[in-house]
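Using this note's numbering, the letters of the sequence shown correspond one by one to residues 201 to 540. Positions of the beta carbon are idealized from the N, C-alpha and C atoms, including for glycine.
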Amino acid sequence: MTLAQPSQTTTPGTSPAGRVLQVGPLLPSLEAELHARFDVVRLPRPAERFLAVSGPEFVAAITTARVGVDANTLAALPNLGAVIHFGVGYDATDVAGARARGILVSNTPDVLTDCVADTAVGALITVMRRLTAADRFVRRGDWARGEFPLSTKVSGKRVGILGLGRIGRAVARRLEGFGCTIAYHNRSPVTDAPYAYANSLESLAAGSDVLVVAAAGGAGTRGLVSQAVLDALGPAGFLVNVARGSVVDERALVRALEEGRLAGAALDVFADEPHVPAELLGRDDVVVLPHLASATHETRAAMGRMALDNLERFLSTGEVLTPVPHPAPASTHDTTEVVL
Ligand code: 8YV
């Protein structure tokens with residue numbers, strides 16, 4: 201679809217005319233379809249000169265949960281009407297700034313819930329049973345020299361979930377099948393949840409063998425898993441994070457592991473991806489994954505379809521199909537909206 205001249209307004213119910221800006225890399229198949237169907241330009245880096253000249257041409261931006269559209273980029277796009285995310289998280293985008301200008305923001309909820317929850321449970325089992333360490337043990341030839349050390353039983357354990365939203369619930373359902381006892385912490389209790397509510401994250405951690413982080417990223421949850429929370433989890437406790445690296449105080453986590461104040465951690469996300477703290481890399485009590493929770497053929501294809509459907513709907517009607525929740529989970533530890 202080739203679109204006409206940029207319009208100054210993107211009133212819901214009307215078709216905004218203009219170009220689409222691709223911010224960051226996308227799944228190759230999604231990028232190919234996008235460029236075949238729409239008038240799309242990929243934002244070059246550095247972006248300033250390009251945006252100064254061409255910024256007004258764009259009525260929609262498409263990006264990923266990890267890259268997002270920041271405040272500076274938004275400011276250079278005066279006719280923008282929508283930010284379309286490939287991903288459920290949108291903490292990398294200046295959503296408040298977008299809202300203030302009436303710019304719509306969409307994400308791809310639900311379609312990735314199963315894969316992210318599967319990954320959380322897989323990572324939990326992997327770190328508690330030391331499966332990746334055991335794999336390395338066999339490959340090194342150490343098995344011929346002795347037995348692999350004992351690990352920790354998973355079934356029946358007490359699991360605390362930070363952020364009982366779509367993904368947190370899917371993790372809980374799966375772990376119920378392992379006979380685990382589930383408790384959770386959100387800013388406020390979820391009315392229809394059959395699990396015990398802890399009114400502080402520290403008390404949740406103190407009563408858990410494993411803490412699973414499934415809360416939205418952003419300012420409101422930054423550093424929520426603090427040294428005090430890790431200490432409450434204790435030297436026999438495990439941490440699993442499939443949400444955002446920013447939710448955990450990464451330096452405190454490294455110290456806790458190094459000082460034997462935590463039994464292990466399985467991390468799919470980091471504060472400064474793709475950089476992983478060097479101290480974690482040599483540790484057998486840590487599982488490090490490259491932010492892959494939603495990265496299956498099936499789920500990424502479904503996310504791509506949903507992103508394209510949102511873009512198409514916006515360009516034809518001025519609306520989106522799956523707008524992000526309003527108000528966004530934000531300032532005061534609102535972990536009820538869940539991530540990824
Ligand atoms: C995305 C994610 O797959 O959806 C999210 O919030 O973090 C991941 O599932 C990834 O950011 C897409 O590039």
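Residue burial is scored here from C-beta neighbours: Arg219 has at least 16 other C-beta atoms within 10 angstroms and is therefore classed as buried. Burial is judged here by how many other beta carbons sit within 10 angstroms of a residue's own beta carbon; Ala252 has fewer than 16 and is exposed. Here the C-alpha atom of Pro256 lies approximately 8 angstroms from the C-alpha atom of Leu280. Counting along the chain, Leu331 sits inside no beta strand (DSSP E); it lies in the alpha helix (DSSP H) bounded by residues 331-339. Between the beta-carbon of Ile367 and that of Thr313 there is about 5 angstroms, and that keeps the pair under the 8 angstroms contact cut.
Annotation for Phe286 indicates a beta carbon within 7 angstroms of some heavy atom of the ligand 8YV. Its Cα nearest to that of Leu226, the residue Val240 stands out among Asp409, Val240, Ala300. Here Ala298 carries a helix assignment [DSSP, helix/strand/coil]. Taking a cut-off of 8 angstroms for Cβ pairs, the stretch 304-321 and the stretch 473-481 do not touch, as fewer than three such pairs fall below it. When C-beta atoms of the stretch 399-407 are compared with those of the stretch 345-357, fewer than three pairs fall below 8 angstroms, so the two segments do not count as touching.
Shortest Cα-Cα distance from Phe337 to any of Lys357, Asp484, Met503 involves Asp484. Burial is judged here by how many other beta carbons sit within 10 angstroms of a residue's own beta carbon; Asn272 has fewer than 16 and is exposed. Looking at the backbone, the Cα of Ser408 and that of Tyr384 are separated by about 10 angstroms. Taking C-beta atoms under 8 angstroms as the contact rule, Leu230 and Gly504 qualify, at a distance of about 4 angstroms. Its chain contains Thr326, Val487 as the residues whose beta carbon lies nearer than 7 angstroms to that of Thr332, once the 5 sequence neighbours on both sides are disregarded; these appear in chain order. In this structure, the C-beta of Leu312 approaches the ligand 8YV to less than 7 angstroms from one of its heavy atoms. Taking 8 angstroms as the upper bound for CB-CB distance, Val442 and Ala323 are in contact here, some 7 angstroms apart. Gly379 is positioned such that its CB atom lies no closer than 8 angstroms to that of Val410. The criterion of a C-beta distance shorter than 8 angstroms is not satisfied by Ala406 and Gly363. The residue from Ala502, Arg374, Leu515 with its alpha-carbon nearest to that of Val288 is Ala502.
Rounded to whole angstroms, the separation of the alpha carbons of Leu521 and Leu467 is 32 angstroms.
The closest CA to that of Val469, considering only Pro523, Ala320, Val524, is found on Ala320. Relative to the Cα of Phe258, the nearest Cα in the group Leu515, Pro525, Gly417 belongs to Leu515. Checking the DSSP bridge columns, you'll see Thr263 partnered with Val223, His285. In the structure shown, Asn441 falls within a strand segment according to DSSP collapsed to helix, strand and coil. Residue burial is scored here from C-beta neighbours: Arg330 has at least 16 other C-beta atoms within 10 angstroms and is therefore classed as buried.
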